[in-house]
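Chains as they are written, first to last, in my numbering: chain A, 1 to 183; chain B, 184 to 460.
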């Protein structure tokens, strides 16, 4: 990004090729598979990146900065379209209830994932993530698509590391349960 | 996702398998035309030296256009509204005098003397007791309205009361006069025959007095004969309109000007007149 800020257009192409899939899928999953919305948000995100070319200062990983912009754009989108924000969607009661019910029954060592992922599995996984509450889904996507650590997600979402870990655990359990049903 | 392995803490064991499964399931990429548009915007931003990307798709350009022109459009709208309001204000002000003129214009054409066309002027007329012992100024106030219909060069000043009140009073005066005339019957007709020559003579005198001057008007006011029919009609009108106090005041002023004032009143008001001291 610094090279692009200094006028190297090819540096941007490299940067874009490296991160475009992750940022696009981040929006696509939050949009419930709506490609038009994902296209719009993805385009706006990268135009913001281009607009910030000369202002960019490397204070953290580029992906952290990129997904910070992406999350802000997503919150703006939800606020303008639905009048809601990520913060308003937090439901700790639901999260606690699901975690309590699944605590004893889940054996993490009993990994059901051995078979290859076919098309049905893909569809079911994506659908399962769409059913995950937005905050948990956001943490999962920032982690698995953005490659952000728990601390980075906590800093980005202005929450504690324990909260992020709890959200991630919930999302992973939901997805794992989906995979188990497929076995 | 190349740096997943260096993530410090894992939510649970076995997540690596889930992540692998997720990556296999989730491999969507943005459409190629979007890639091309974004890269073109990036290149153009570099070539233009830091300017905001302008090669973005049409939707982005339309948003920029709106952002750029919205303040100007808002300012133009406000200016237009202000102009319309300013244009409307003078019309309201200029409309009032013409309305007053239109409402007061028929009054001189009436056969009745001028004081009956305006309640306010009538109040001044009777309140000042014309013909009674008073100063010259009070007589002048009486004389000017009477001469107004015959003075072509001097427009009648608008009455101090609102036009609606004036119009209402004029209508009620006309109706009251008609009622009073009907009540008086032949007696009223006889008196009208006596009054009409006086009015005609006064009008011709006033017409001959043009151009008018304050001294001339005062002279005419002093020498003008008492219009007993107008007095009586005015009292009848006030009584009919329910303004008893004003009618009593008018009757007292009439008596002060004409000792035999009660005889000019219609029979229906005679009994009421006896109660007025």
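Virtual Cβ for every residue (Gly too), placed ideally from N, Cα, C. Source: prediction; values computed, not measured.
About 5 angstroms separates the beta carbons of residue 53 of chain A and residue 5 of chain A, which is inside the 8 angstroms limit, making them a contact pair.
Spanning the alpha carbons of residue 458 of chain B and residue 436 of chain B requires a straight line of approximately 15 angstroms. Below the 9 angstroms Cβ cutoff, chain B contributes no neighbours of residue 32 of chain A, its closest Cβ being approximately 13 angstroms away. For residue 425 of chain B, there are no CB contacts under 8 angstroms within the same chain when 5 residues up- and downstream are skipped.
Counting along the chain, the unbroken alpha helix (DSSP H) around residue 451 of chain B starts and ends at 450-457. Taking 8 angstroms as the CB threshold, residue 262 of chain B stays off the interface with chain A. With a cutoff of 8 angstroms on beta-carbon distance, residue 63 of chain A and residue 147 of chain A are scored as near each other. Excluding five sequence positions before and after residue 139 of chain A, the CB atoms of its chain that fall closer than 8 angstroms to its own CB belong to 153, 157, 164, 167, 168, 171, given in chain order. Ranking B:429, B:411, B:453, B:420 by CA distance to the CA of residue 441 of chain B puts B:411 first. The Cβ of residue 211 of chain B sits closer than 8 angstroms to at least one Cβ of chain A. Taking a 10 Å sphere around the C-beta of residue 262 of chain B, we find fewer than 16 other C-beta atoms and assign the residue as exposed. With fewer than 16 neighbouring CB atoms inside 10 Å of its own CB, residue 8 of chain A falls in the exposed class. A check of alpha carbon separations from residue 176 of chain A across A:59, A:127, A:150 identifies A:127 as the nearest.
When Cβ-Cβ separations below 8 angstroms define contact, residue 77 of chain A makes no contact with chain B.
Annotation: residue 59 of chain A has no Cβ neighbours in chain B at a cutoff of 8 angstroms; minimum Cβ distance is about 18 angstroms. What residue 228 of chain B touches in chain A, judged by beta-carbon distance under 7 angstroms, is 50, 53, going in chain order. Across the set A:14, A:44, A:18, the C-alpha of A:44 shows the shortest separation from the C-alpha of residue 27 of chain A.
In the three-state DSSP reduction, residue 426 of chain B falls in the coil class, being neither helix nor strand. Contact with chain B is found for residue 126 of chain A, since one of that chain's Cβ atoms lies less than 8 angstroms from the residue's Cβ. Proximity to residue 460 of chain B across B:444, B:447, B:431 peaks at B:431, based on C-alpha coordinates. Where residue 159 of chain A is concerned, there is no enclosing alpha helix (DSSP H), because DSSP gives it neither an H nor an E.
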